[in-house]
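With this note's numbering applied, the sequence shown covers 94 to 215. These notes are about the structure you will find just below.
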Amino acid sequence: NPKLVGYVSGDLNPKRRRALISGIVAPFLILHVLYSVWYTKVFCDRSDGRPACEMANHWSLIDPQVGRWDGWDRWTFAYPFAQLWYLISLLTKRIWRPFAMEMRWTLLLHIILGVLVGYTTV
Numbered sequence: 094n095p096k097l098v099g100y101v102s103g104d105l106n107p108k109r110r111r112a113l114i115s116g117i118v119a120p121f122l123i124l125h126v127l128y129s130v131w132y133t134k135v136f137c138d139r140s141d142g143r144p145a146c147e148m149a150n151h152w153s154l155i156d157p158q159v160g161r162w163d164g165w166d167r168w169t170f171a172y173p174f175a176q177l178w179y180l181i182s183l184l185t186k187r188i189w190r191p192f193a194m195e196m197r198w199t200l201l202l203h204i205i206l207g208v209l210v211g212y213t214t215v
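Given below as structure tokens:
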């Protein structure tokens, strides 16, 4: 619920910063590493007849230029696994909220940014 996320964000005092690190950043890093290891083990070391490292039809971890799985550099923290996108979204909302509340025309700015974000490739 976006209203709840904004309500509990509050100011970024030292206690809240520690809570962000222990409650959002640390779980994200731990879960991302665990997902990376698990997905690699499950999808690259398979014996069910499907292509190695294929996670979905015609999408795999294999680097087309190399012709094989080219190591851990395919896993990046910039693209969170599965439900972990919510932790990144929550973190950015909690950090950005105090600044957004001080800006003039913040609603208009966020509507424009929300529309424009659909046209990016990040």
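We put the beta carbon where it would ideally sit given N, CA and C, even for glycine.
*Could you check how far apart the C-beta atoms of I117 and L180 are, in whole angstroms? I think they sit under 8 Å.*
Translated into positions along the sequence shown, residue 117 becomes position 24. Translated into positions along the sequence shown, residue 180 becomes position 87. Yes, I117 and L180 are in contact; Cβ-Cβ is about 5 Å, under 8 Å.
*Could you check the C-alpha separation between R110 and F192 for me, to the nearest Å?*
To locate residue 110, count along the sequence shown from 1; it is residue 17. To locate residue 192, count along the sequence shown from 1; it is residue 99. In a straight line, the C-alpha of R110 is about 15 Å away from that of F192.
_Own chain partners of M196 with C-beta closer than 8 Å, once the 5 adjacent residues on each side are dropped_ = Working through the sequence shown from its first residue, we reach residue 196 at position 103. Answer for M196: L202, listed in chain order.
*Please report how far the alpha carbon of P144 lies from the alpha carbon of D138, in whole angstroms.*
Reading the sequence shown from its first residue, position 51 is the one you call residue 144. Reading the sequence shown from its first residue, position 45 is the one you call residue 138. Those two C-alpha atoms are separated by around 10 Å.
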